[in-house]
Amino acid sequence: VAIVGEPYASKIASLAIQLYKVAHEYALTRGVIIADTKFEFGLDPETNEVVLADEVLTPDSSRFWPKDSYEIGRGQQSFDKQFLRDWLTSEGLKGKPGVRMTDEIAQKTSAKYREAWERITGGN
4 VAIVGEPYAS KIASLAIQLY KVAHEYALTR GVIIADTKFE FGLDPETNEV
54 VLADEVLTPD SSRFWPKDSY EIGRGQQSFD KQFLRDWLTS EGLKGKPGVR
104 MTDEIAQKTS AKYREAWERI TGGN
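Take 4 as the starting number for the sequence shown in the working numbering and just add one per residue.
Structure, rendered in structure tokens:
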């Protein structure tokens, strides 16, 4: 609120909640829980309208969990970058610059992203 002011903050909050609700409801029909996500908004300088910017609902900006294996109180299987984060942590590489992942980890990460896309869109 301090940065954008109350009117824009309210509009952004409303848009974010609406976007999430629609995406969440759709994803559930595809067997996917959107655990969390981020939306980035900006202001069109010509119209002063709030606009959605950047990527939306991707494995880089969201955490996707399979609905059929979800269990409260435990770590969840995911179709997103959490797999890579977990690998970095387990290898003691989290936060270190210039890290190179193995081909195996790159392929597994790619497979997670592909699975998210296939589950959510029905594509293959």
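Think of the CB as a built atom: it goes at the ideal place given N, C-alpha and C, for glycine as much as any other residue. Here the structure is a predicted model, which is why all the values come from computation and not from measurement.
When the Cα atoms are used, what is the spatial distance from residue i to residue j?
i, j, result
"residue 28", "residue 13", "23 Å"
"residue 104", "residue 22", "34 Å"
First and last residue of the beta strand (DSSP E) that includes residue i?
i, result
"residue 67", "65 to 69"
"residue 36", "35 to 40"
"residue 54", "53 to 56"
"residue 46", "43 to 46"
Determine whether the beta carbon atoms of residue i and residue j lie at a separation below 7 Å.
i, j, result
"residue 66", "residue 122", "no"
"residue 62", "residue 119", "yes"
"residue 79", "residue 68", "yes"
"residue 26", "residue 36", "no"
Within the continuous alpha helix (DSSP H) that includes residue i, where are the two ends?
i, result
"residue 86", "85 to 93"
*Counting Cβ pairs closer than 8 Å, one from the segment 73 to 93 and one from the segment 108 to 117, do we hit at least three?*
Enough Cβ pairs lie closer than 8 Å, so yes.
*Using 8 Å as the threshold, is the segment 32 to 52 in touch with the segment 88 to 101, meaning 3 or more CB pairs across them?*
No contact exists between the segment 32 to 52 and the segment 88 to 101.
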